[in-house]
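Colleague: In the numbering used here, the protein residues as written are 634 to 1033.
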Ligand SMILES: Cc1cc2nc3c(=O)[nH]c(=O)nc-3n(C[C@H](O)[C@H](O)[C@H](O)COP(=O)(O)OP(=O)(O)OC[C@H]3O[C@@H](n4cnc5c(N)ncnc54)[C@H](O)[C@@H]3O)c2cc1C
């Protein structure tokens, strides 16, 4: 059995961010932290790859330059059941679109250089908790750590082993990549992303997106649909594809291959206020814990969870036995928990019976649209402000 101070399961953004922050906070842990990963980088990941500014801030904090091909978008267009919302171009990018295989491999390279051991092609099968350590069973033998981070995504094996099975808060997204002529696609010409929420009126709790991206240097569109409640009878794969094609009819002629096979599907676990994230020496992070219910955005959450997890692990390893429990409280009551609760509330409004009313409301003020997008993006840290402070800044300065 191999022993480590900290074992992390999963080397996606949550697992790697935890390790990177941990090694930044306590470099002496180099060589004593390991990640168990079932795949090997660069590994494919079904994801649109949109990084919001909060994630870019986290990369700067970790001193990781974004050394992968990326497309920055500065404006956006959202069709809704109550009309179109046109986000005027901003000076700062609203989103930076990368490919996840390259992005995650880049993070893994930096984490390795900082002292993380990545044990790849090793699948975790189960977890056993003891008084002062955690044992992890894999298809390559047993591993032991003083603490364990379950960062193994929406279908987390760590979560199931330690906290039991819960499926009601798992959404789903379908996506496909299609080549386009950069000079003809609106997303490349206007440097914008497009959203379409009309599927809400058809009973789907979600939206369709079209993001510009580069695959092997060539312009592509990543198109997809997110459904927060896929157990809804209207959420069959065929229904979702039908909604996606009616949101962006022009893509039908460019649909690659035989259509169906080009589409990739993956679950997204969203935040549930009653969930627990800590038991004994095990904590959860990223999709394994639960991310944004409204848009299914999870990369910024993965970094946020990773940062909090790292701080808690440092305190835990230094003898504070309550540090992990505090991590669980922070995830619910700290900035990220507050933000996810507000997004859960927004999902109930925009995907509920009175969605037309809320979309109409959202269309009324361009200023409010800009502030909401900046808040969502974590631009200039405004998602850390209380509503009262944000309102006060609006009154005093006319912006947040
Ligand atoms: C179609 C789609 C589009 C999306 N678009 C966006 C977007 O544009 N922007 C955004 O922010 N978010 C997006 N998301 C969500 C985003 O992909 C996730 O929130 C993010 O990947 C979560 O990171 P993570 O590290 O928690 O999990 P993951 O990235 O899923 O990483 C988990 C890792 O654990 C490994 N693993 C799993 N099980 C085991 C096991 N048993 N043993 C060992 N290793 C294991 C996996 O191989 C993987 O490497 C999208 C999701 C989908 C499905």
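Cβ coordinates follow ideal geometry from the N, Cα and C atoms, glycine included.
Could you spell out where the beta strand (DSSP E) holding residue 852 opens and where it closes?
Modeller: Where residue 852 is concerned, the enclosing beta strand (DSSP E) stretches over 851 to 860.
Colleague: Looking at the secondary structure, which residues open and close the alpha helix (DSSP H) in which residue 940 lies?
Modeller: Run containing residue 940: 932 to 950, per the alpha helix (DSSP H) assignment.
Colleague: Pop quiz: residue 948 and residue 796 are said to be a contact at Cβ under 8 angstroms. What is the actual Cβ separation, rounded to whole angstroms?
Modeller: At roughly 22 angstroms, the Cβ-Cβ gap does not stay under 8 angstroms, so residue 948 and residue 796 are not in contact.
Colleague: What whole-angstrom Cβ distance do residue 757 and residue 769 have, given they're in contact under 8 angstroms?
Modeller: Indeed, because the Cβ distance is near 6 angstroms, the residues count as touching under 8 angstroms.
Colleague: Spatial neighbours of residue 864 within its chain, please: C-beta separation below 7 angstroms, excluding the five flanking residues on both sides.
Modeller: Correct list: empty, nothing qualifies.
Colleague: Bridge partners for residue 636 per DSSP, in chain order?
Modeller: 777, per the DSSP bridge assignment.
Colleague: Determine the closest residue to residue 847 out of 835, 860, 951 and 703, with distance taken between C-alpha atoms.
Modeller: Here the closest residue by C-alpha is 703.
Colleague: Would you say residue 932 and residue 668 are within 7 angstroms of each other, going by their C-beta atoms?
Modeller: It is not a contact, given that the beta carbons lie outside the stated cut-off.
Colleague: Under a three-way DSSP split, which group does residue 791 fall into?
Modeller: If DSSP states are grouped into helix, strand and coil, residue 791 belongs with the helices.
Colleague: Please state whether the Cβ-Cβ distance between residue 824 and residue 707 is less than 7 angstroms.
Modeller: Going by C-beta atoms, residue 824 is nearer than 7 angstroms to residue 707.
Colleague: Is the Cβ-Cβ distance between residue 852 and residue 828 less than 7 angstroms?
Modeller: Contact: no.
Colleague: Who are residue 669's beta bridge partners in DSSP?
Modeller: According to DSSP, residue 669 bridges with 642 and 752.
Colleague: When every heavy atom of ligand 1 is checked, does at least one fall within less than 6 angstroms of the C-beta of residue 761?
Modeller: Residue 761: no, Cβ never under 6 angstroms from ligand 1.
Colleague: Per DSSP, residue 762 forms a beta bridge with which residues?
Modeller: Answer is 767.
Colleague: CB of residue 899 to nearest heavy atom of ligand 1: below 6 angstroms?
Modeller: Checking every heavy atom of ligand 1 against the Cβ of residue 899, one is found closer than 6 angstroms.
Colleague: What do you get for residue 855, buried or exposed, if any count of 16 or more other CB atoms within 10 angstroms of its CB means buried?
Modeller: By the neighbour-count rule (16 or more Cβ atoms within 10 Å), residue 855 is buried.
Colleague: Taking residue 784 and residue 648 to be in contact with their CB atoms under 8 angstroms, please state how far apart those CB atoms are, rounded to whole angstroms.
Modeller: Confirmed, Cβ separation roughly 3 angstroms.
Colleague: Out of 683, 990 and 869, state which residue places its alpha-carbon closest to the alpha-carbon of residue 714.
Modeller: Cα-wise, what sits closest to residue 714 is 990.
Colleague: Classify residue 683: buried if its beta carbon has 16 or more other beta carbons within 10 angstroms, exposed otherwise.
Modeller: Buried: at least 16 other Cβ atoms inside 10 Å.
Colleague: Go ahead and pull the three-state DSSP assignment for residue 872.
Modeller: Three-state DSSP puts residue 872 in a helix.
Colleague: Can you name the residues that DSSP bridges to residue 848?
Modeller: DSSP lists 851 as partners of residue 848.
Colleague: Report the residue from 976, 938 and 975 whose alpha carbon sits nearest the alpha carbon of residue 962.
Modeller: Answer by Cα proximity: 938.
Colleague: What whole-angstrom Cβ distance do residue 1004 and residue 720 have, given they're in contact under 8 angstroms?
Modeller: About 12 angstroms separates the two Cβ atoms, so there is no contact after all.
Colleague: Going by Cα to Cα distance, which pick from 635, 992 and 811 is closest to residue 894?
Modeller: Considering only alpha carbons, the answer is 811.
Colleague: Determine the direct distance from the alpha carbon of residue 917 to that of residue 658, and round the result to whole angstroms.
Modeller: Approximately 19 angstroms, taken between the alpha carbons.
Colleague: Using alpha carbons as the reference points, say which of 773, 655, 905 and 817 lies closest to residue 884.
Modeller: The option with the nearest alpha carbon to residue 884 is 817.
Colleague: At what residues does the alpha helix (DSSP H) containing residue 968 begin and finish?
Modeller: Unbroken alpha helix (DSSP H) run through residue 968: 968 to 983.
Colleague: Please report the distance separating the alpha-carbon of residue 778 from that of residue 644.
Modeller: Each residue's Cα considered, the two are about 16 angstroms apart.
Colleague: Give me the residue from 781, 736 and 789 with the minimum Cα distance to residue 671.
Modeller: Residue 671 has its Cα closest to that of 789, out of 781, 736 and 789.
Colleague: Confirm, please, whether the CB-CB distance from residue 929 to residue 1011 is below 7 angstroms.
Modeller: No, the pair does not count as a contact, with Cβ atoms beyond the cut-off.
Colleague: Cβ-heavy atom distance between residue 757 and ligand 1 below 6 angstroms?
Modeller: Because some heavy atom of ligand 1 lies under 6 angstroms away, the Cβ of residue 757 counts as near it: yes.
Colleague: Under a Cβ-count criterion, where at least 16 other Cβ atoms within 10 Å of its own Cβ denotes burial, should residue 1001 be classed as buried or exposed?
Modeller: That one is exposed.
Colleague: Count the other C-beta atoms from every protein chain shown that fall within 10 angstroms of the C-beta of residue 936, then say buried if there are 16 or more, exposed otherwise.
Modeller: By the 10 Å Cβ count, residue 936 comes out buried.
Colleague: When we look at the beta-carbon of residue 698 and count the other beta-carbons within 10 Å, is it buried (16 or more) or exposed?
Modeller: Its Cβ having fewer than 16 others within 10 Å, residue 698 is exposed.
Colleague: Could you spell out the range, first to last residue, of the beta strand (DSSP E) harbouring residue 902?
Modeller: Note, residue 902: beta strand (DSSP E), 897 to 902.
Colleague: CB-CB under 7 angstroms to residue 1014, same chain, minus the five flanking residues each way: which ones, in chain order?
Modeller: Contacts found: none.
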